[in-house]
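The structure appears right after this line, and notes come after that.
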Amino acid sequence: MIKEFFVILIILTDGDSVASVNHATANDDLNIFETQKECEAALPDFVSSTYPQFNPRANLLHHQVIMDGVAESPIGTRSATWRCASIFIKDPK
């Protein structure tokens with residue numbers, strides 16, 4: 031059986047280029063949620079507490095909660111977007 035879960039992704043951009051796309055996690059539960067609604071409910075608090083340097087703000091995009099922010103880094107201005115994305119995991123049973 032294959033199950034769908036949701037994780038928080040961080041998409042970092044430098045100007046017009048995507049610098050990285052990563053699973054954003056900072057705690058033991060790895061920010062894995064059973065529903066999109068649970069993931070989106072956790073998104074603002076997680077992002078604001080984990081990435082305060084980006085001064086993140088919540089937005090809606092295509093009826094999904096996302097967070098956007100901008101920060102200065104040693105290589106210049108860096109933008110970030112956090113959103114919930116689905117992953118599929120095969121049940122080991």
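Under this note's numbering, the first residue of the sequence shown carries the number 31, and numbering increases by one thereafter. Glycine included, C-beta positions come from ideal geometry on N, C-alpha and C.
Simplified DSSP assignment, three categories, for residue i
{"i": "residue 56", "result": "coil"}
{"i": "residue 80", "result": "helix"}
{"i": "residue 70", "result": "helix"}
{"i": "residue 98", "result": "strand"}
{"i": "residue 75", "result": "helix"}
{"i": "residue 46", "result": "coil"}
{"i": "residue 85", "result": "coil"}
Short Cβ contact (9 Å threshold) for residue i with residue j
{"i": "residue 99", "j": "residue 110", "result": "yes"}
{"i": "residue 112", "j": "residue 62", "result": "no"}
{"i": "residue 44", "j": "residue 106", "result": "yes"}
{"i": "residue 128", "j": "residue 60", "result": "The displayed coordinates of the chain run from 31 to 123. Any statement about residue 128 would go beyond what the structure contains."}
Presumed contact (8 Å Cβ cut-off) between residue i and residue j, rounded CB distance
{"i": "residue 56", "j": "residue 83", "result": "Actually they are not in contact, since the Cβ atoms of residue 56 and residue 83 sit about 14 Å apart, beyond 8 Å."}
{"i": "residue 96", "j": "residue 33", "result": "About 24 Å separates the two Cβ atoms, so there is no contact after all."}
Near the ligand SAH: residue i beta-carbon under 8 Å from a heavy atom
{"i": "residue 104", "result": "With respect to the ligand SAH, the structure shown offers nothing to examine, as it has no ligands at all."}
Where residue i falls, given that 16 or more other Cβ within 10 Å makes a residue buried
{"i": "residue 90", "result": "exposed"}
{"i": "residue 117", "result": "exposed"}
For residue i: DSSP bridge partner residues
{"i": "residue 62", "result": "37"}
{"i": "residue 117", "result": "35"}
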